[in-house]
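Undergrad:
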Amino acid sequence: MNTIATYFDAFNRNDTEAMIACLAPNVAHHVNEGKIREGTEAFRAFSAHMSRCYREELTDIVIFDAEGGTRAAAEYIVNGTYLETDEGLPEAKGQTYRLPAGSFFSLEDGKITRVVTYYNLADWVAQVS
Numbered sequence: 001m002n003t004i005a006t007y008f009d010a011f012n013r014n015d016t017e018a019m020i021a022c023l024a025p026n027v028a029h030h031v032n033e034g035k036i037r038e039g040t041e042a043f044r045a046f047s048a049h050m051s052r053c054y055r056e057e058l059t060d061i062v063i064f065d066a067e068g069g070t071r072a073a074a075e076y077i078v079n080g081t082y083l084e085t086d087e088g089l090p091e092a093k094g095q096t097y098r099l100p101a102g103s104f105f106s107l108e109d110g111k112i113t114r115v116v117t118y119y120n121l122a123d124w125v126a127q128v129s
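Below you can see the structure in the form of structure tokens.
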């Protein structure tokens, strides 16, 4: 299993430490509608927040590997439940959602150095409102 597949497998098991094992220590995590988080500690804190507010499973994952192993991309469907109200977003009442999303990755020596995730926030808000 390649690094990106391992990363998504860990995501679906809600195993933050296994995800972090796929990351370089200085990873740059670009989240949709948010600031860039740098380093594995910032990634760990973000993951803890996400696990508290959302339960998500990714399906229909298609991974694209660029020649040379330094770049990759993936598209997938986020199947989720909104568990706890996230600041600035609609109130959580256990709503479910299904949202297309994508990620772009940079890799060095088999570790992810950059993760960029995109999804349509307006679509998500409409589904949970």
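Sequential numbering of the sequence shown, starting at 1, is according to this note's numbering.
All residues carry an ideal CB built from backbone N, CA and C; glycine is no exception.
Here the structure is a predicted model, which is why all the values come from computation and not from measurement.
(1) Taking three-plus beta-carbon pairs below 8 Å as touching, is the stretch 18-29 in contact with the stretch 63-72?
(2) By Cβ distance below 7 Å, which residues in the same chain neighbour Ala72 in space, the five residues on each side in sequence not counted?
(3) Which one of Glu38, Ile36, Val78, Ala74 has the shortest CA to CA distance from Tyr192?
(4) How would you label Thr59, buried or exposed, when you count the other beta carbons within 10 angstroms and need 16 or more for buried?
(5) Using three-state DSSP, classify Arg37 as helix, strand or coil.
(6) Please classify Glu56: is it buried, with 16 or more other beta-carbons within 10 angstroms of its beta-carbon, or exposed?
(7) Does Thr16 come out as helix, strand or coil in the three-state DSSP assignment?
(8) Report the three-state DSSP secondary structure of Asp9 (helix, strand or coil).
(9) In the DSSP output, which residue or residues are listed as bridge partners for Gly59?
(10) Rounded to whole angstroms, what is the Cα-Cα separation between Ser103 and Gln95?
TA: Based on what the coordinates show:
(1) Cβ pair count under 8 Å is below three, so no.
(2) Hits under 7 Å: Ile4, Ile63, Phe64, Asp65, Ala66, Phe105, Leu107.
(3) Any answer about residue 192 is impossible in this case: the structure gives the chain only from 1 up to 129.
(4) Thr59 is exposed by the Cβ-count criterion.
(5) Arg37: strand per DSSP, three-state reduction.
(6) Label assigned to Glu56: buried.
(7) Annotated three-state conformation of Thr16 is helix, per DSSP.
(8) The three-state secondary structure of Asp9, taken from DSSP, is helix.
(9) Strictly speaking, residue 59 in this sequence is Thr, with Gly absent from that position. Its beta-bridge partners are Ile77.
(10) Spanning the two alpha carbons is a distance of roughly 24 Å.
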